[in-house]
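Colleague: Residue 4 is where the sequence shown starts when you use the working numbering, and the numbers rise one by one after that. Here a beta-carbon is modelled for each residue, glycine too, at the ideal position from N, C-alpha and C. Got a structure here, written out as structure tokens. Questions coming.
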Amino acid sequence: MLNFLPGPVIFILSLSLLILNTALWGTLVCLGGLLKMLMPVQSARNAVTALMNRFMWAWASCNGGILMLIANIEWDVQGLEGLDKNAWYLLISNHLSGFDIAAQTYLLRNHIPMLKFFLKKELIYVPIMGLGCWALDMPFMDRTSPAKLKKNPKLKGKDLATTRRACEKFKTMPTSIINYVEGSRFTEEKRQRQDSPYQHLLRPKAGGIAFTLSAMGEQFTNLLDMTIVYPDAPKDVLFGVMSGKVRKIIVRVNALPVPQVDGDRYFAESEYRAEFQRWLNQLWAEKDHQIHALLQTHQSMNNKATSPNHTQAS
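And the structure:
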């Protein structure tokens, strides 16, 4: 463990290692994408995809190894029991930092299929990144702009039908899709700007998760509600982790039934959308209470550990 080194030295070391790790596995994934493009048979392309997912698993595992090298982090994790790598999950989570995805892929890599994101179809044309995401079978969605819909109402519902066809392949391939329903990383400034009713969260946006559920809902085994907390991190969590300043990460995972969403009704009926938003708001209110309780418990334990009576007893 190198956490005895000065913070700036740890940051430079961790940044170098993370870049090398991402470059190594990202290059292999892109090469796999080129190979996959040449495969004429779907079964052969599926075999390449499985290999690419193993590369992503290796990337996540190496990230964990780098963490163990640079910091002495205590992981407080509950809720992974009973999860299945051969099942289908939609995962939603609060979003605090650019480090979240590295922490989540590392923790979940041996419990559920490797995480995938819904991406805008335009991203497939981005050099290197688009090829890598395609090689990993990230689902690309086709979203028609409101301006185009206004000009041509016949396009309504086309996005959903196109995405459903794109997701057909996941019926035989265990899959995990992740959605950050807040749409942005949490900051206190954003919370105040939104006038968020939550103490530790931004307002959740129902559109993305509703779109995912209406496109793939019947395929999911469970909805996984994940809560991640960095109780002793500085404001910039990613910088704190890479500088060896984060000592504890708390994660809670709750497996819930998959809510059913009628895509046609959701995009056509305002009251149906409002009902789904109320369900998501209630889930977010419970998450906010959970985060508050976790932070209070952590603070209470710290106070007890540093109190004079506790020191004498030790």
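Return helix, strand or coil for THR178, following the three-state DSSP convention.
Modeller: It is coil, neither helix nor strand.
Colleague: How long is the line joining the alpha carbons of ILE131 and CYS33, rounded to whole angstroms?
Modeller: Each residue's Cα considered, the two are about 7 Å apart.
Colleague: Report yes or no: do the region 12-26 and the region 59-70 share at least 3 C-beta pairs separated by less than 8 Å?
Modeller: Judged by Cβ distances under 8 Å, the region 12-26 makes contact with the region 59-70, as three or more pairs qualify.
Colleague: Assuming CYS170 contacts PRO142 under a Cβ cut-off of 8 Å, what Cβ separation, rounded to an integer in Å, is found between them?
Modeller: Yes, they are in contact, since the Cβ atoms of CYS170 and PRO142 sit about 6 Å apart, within 8 Å.
Colleague: How long is the line joining the alpha carbons of PHE120 and GLN299, rounded to whole angstroms?
Modeller: Between PHE120 and GLN299, the C-alpha separation is close to 32 Å.
Colleague: For ILE15 and ASP198, what's the separation of their Cα atoms in angstroms?
Modeller: Cα to Cα, ILE15 sits roughly 37 Å from ASP198.
Colleague: Can you tell me which of the three DSSP states GLU192 falls into?
Modeller: Correct three-state label for GLU192: helix.
Colleague: Identify every run of the alpha helix (DSSP H) within the region 207-233, keeping only runs that are complete inside it and at least 4 residues long; order them along the chain.
Modeller: The qualifying runs are 209-219.
Colleague: Helix, strand or coil, according to DSSP, for VAL184 in the structure here?
Modeller: Of the three classes helix, strand and coil, the one that applies to VAL184 here is coil, per DSSP.
Colleague: Give me the Cα-Cα distance between LYS123 and MET144, rounded to the nearest whole angstrom.
Modeller: Roughly 5 Å separates the two Cα atoms.
Colleague: Do you know whose CA, among LEU216, ASP228 and ALA90, lies nearest MET117's CA?
Modeller: Nearest option by C-alpha distance: ALA90.
Colleague: Give the DSSP-derived three-state secondary structure of ARG112 in the structure shown.
Modeller: Looking at ARG112 - three-state DSSP - the assignment turns out to be coil, as it is neither helix nor strand.
Colleague: Could you give the first and the last residue of the continuous beta strand (DSSP E) run that contains TYR92?
Modeller: Looking at the DSSP string, the run of the beta strand (DSSP E) that includes TYR92 is 92-96.
Colleague: CA-CA distance, THR215 and VAL244?
Modeller: For THR215 and VAL244, the distance between alpha carbons rounds to 32 Å.
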